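Notes to accompany the following structure.
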Amino acid sequence: MILCYAQRCQFLAYVDDAWVGCFFSIRKVLGDIELAVLLPHLSATALDYKKWHDTCAIFAPFAHEPWAMLLDSAAAKHPDSRYDILLRQPVKTFVGEEQTHGQPFAELEKWLAQNPAPTLPKEFSDLPFQGGIAGLFGYDLGRTLEAIPEIAKADIAIPDIAVGLYVNALIIDHKRQQVVAIHPTNTKITPAEYWAAPAAANDQQSNENFTLTTPWQSNMSAAEYTQRITRIHEYLRAGDCYQINLAQRFAAEFIGDPWQAYIALREANQAPFSAWLNVPGGIVLSLSPERFLQTASNGMVETRPIKGTRPRSQDIQKDKSAADALLMSAKDQAENLMIVDLLRNDLSRVCAAGSVSVPELFKIESFNAVHHLVSTVRGKLAPTQTPLSLLAAAFPGGSITGAPKIRAMQIIEELEPHRRSVYCGSIGYFSFHGHSDTSITIRTLCCTTSNATKHMYCWAGGGIVMDSNADAEYQETFDKVAQILPVLSALGGENRLSAQTARIDASEPNAKTRQEH
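Here UniProt numbering is used: position 146 in the sequence shown is 146, and no number is missing along the way.
The structure is reproduced here in structure tokens:
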């Protein structure tokens, strides 16, 4: 079998005057003729930070525009929260339509190779994104890289890969208080005009407030989750694996505008790798705290796996005790170390010999809902490798599969009722100048429409090892969505937590209280 995908290309005046305003779609099978898009020379223009710093206000008029993307640091007080990247109107798109064997990464490599990095003024040379590829790499894209059985039900229409080639971007640097627009040099409108709200912007947005119309329901009961942990323990005793990440999926129906949901979730979570993606099949809302892979233009690579979780508390002393307990937990350290070793191996496949190191092991990072145990692995790409080949070598991230990765993915496929879709994949960008950054799409939701009914999905899981306690692991999944499901249930003025999910409603502190300590 081969991977089929669709490309939608827009040829503008800077490609060929004969194609001005012309759109066409092609369906392509690997091996057919190549289609290249020669992009314009790109420039950078600084805009007034005081006028252009409000990321959500700027992006809101475009949120419902096809292929609009916001890579959002969410104004979080976190070392990784610096840049917001706003993207719209890609000149070319790539959409995966089948979970079959093939190499979509190789096609994307050609996109970047066909167009050299722009030469920007020195003051803009360190911008993280200078035109390039951005989008979604769903968990099930891993089927194109490894042999995974087809057991779990695929019921979400969002494709496994949905990326665009962008030459227009607005980059908001909150550290330097600087806003820079990347844009074609010979354009008929100014960057300020391009990013100004269109007069008809309100027509794209729903006037109906976001409201859940059904309670959240999981695809596994507590008993079913426990049964699956028992099965994982059997695999562990048999030597099939060392750790398995098991997740449950929550679903609800809703009416209204999911952008309102994103704004509320953004405020409640303040996650450094948040994102909004309007892609074919639906909308992705991500509140991820986890970096997957970052590559600097000099080839230096960093990954920061999360493994180990404790819920936050309103009580300052209890909150500190929870963080201290996580830091000293032998179980959580063992889980984290397994994933660090897995990622060291993944990076070693494409990094220069001897360059992979672990500068930080078992560091506590605190977010609005939970404390996490985080480690850092670094390396330097070998001269023949690229950020995309790194992604292919390490995808999907080991922190959300378990170890060894391929066997863990096979067991996940057996135990989880539904395919993960957008959950536990990656969102990010690959710039023409060699810089890239991707997240792990945990704390991530998606919205789809089927037969005029709007559906929202959210996932939560955790790593299962031999000494995992089923009740504690089940509760941990609710801790992780403590600033997601209740927030959405409260929008519209109704409590839409089911009896199954109400356990996260009563005892969790609010985001504001957590931010104070």
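Backbone N, C-alpha and C fix where the C-beta goes; we use that ideal spot for every residue, glycine too. Note that the structure is predicted; figures quoted are calculated from it, not measured.
Neighbour-count burial assignment, residue i, 16 or more Cβ in a 10 Å radius
i	result
D54	exposed
K405	buried
G239	exposed
D471	exposed
H418	buried
H41	exposed
K480	buried
G461	buried
P61	buried
T438	buried
K188	exposed
M220	buried
E290	buried
Q217	exposed
N336	buried
S399	buried
P191	buried
G96	buried
L145	buried
I156	buried
K153	exposed
Q294	buried
R176	exposed
A482	buried
Residues near residue i in its chain [Cβ-Cβ closer than 7 Å; skip 5 each side]
i	result
P359	T376 and R378
T233	The question names Thr, but residue 233 is His in the sequence shown. Contacts found: M466.
K380	G299, M300, V301, C351, A352 and S355
I151	E413 and E414
For residue i, the three-state DSSP class (helix, strand or coil)
i	result
V340	helix
P104	helix
I316	helix
N345	helix
F367	coil
I2	Note that I2 scores a pLDDT of 38, beneath 50, so its modelled location is shaky and nothing firm can be said.
A334	helix
M456	strand
L145	coil
A162	strand
S286	strand
S450	strand
S357	strand
F362	strand
Residues near residue i by beta carbon distance below 6 Å, same chain, minus five either side
i	result
L277	M69, L136 and V284
residue 569	For residue 569 there is no data in the structure shown, the boundaries of the chain being 1 and 517.
L236	M466
S348	V356
K454	F254
G138	D160, S421, V422 and G425
W259	A63
G434	S297
A271	A74, L287, S288 and P289
E365	H372 and V374
N-terminal and C-terminal residue of the beta strand (DSSP E) that residue i is part of
i	result
V487	From DSSP, V487 is part of no beta strand (DSSP E) but of the alpha helix (DSSP H) over L485 to A490.
T303	M300 to T303
L170	A169 to D173
S274	F273 to V279
I182	Q178 to P184
K307	I306 to P311
V95	K92 to G96
Q294	R291 to T295
For residue i, the first and last residue of its enclosing alpha helix (DSSP H)
i	result
K480	A470 to K480
P191	P191 to W195
Cβ neighbours of residue i in the same chain (closer than 8 Å, five flanking residues each side left out)
i	result
P149	Q410, E413 and E414
H174	H53, S73, A75, S81, R82, Y83 and D84
R344	V356, V358 and V377
Beta carbon proximity, residue i to chain C, threshold 9 Å
i	result
S426	Structure shown: chain C not included; a single protein chain is present.
*What are the start and end residues of each continuous alpha helix (DSSP H) run of 4 or more residues lying completely inside the region 208-271, in chain order?*
222-238 and 258-269
*Ranges of the beta strand (DSSP E) found wholly within the region 33-85, counting only runs of at least 3*: 42-47 and 69-72
*Which ranges would you report for the alpha helix (DSSP H) in the region 371-446 if only whole runs of at least 4 residues count?*
387-394 and 405-415
*Hey, which unbroken runs of the beta strand (DSSP E) at 3 residues or more fall wholly within the region 105-138?*
132-137
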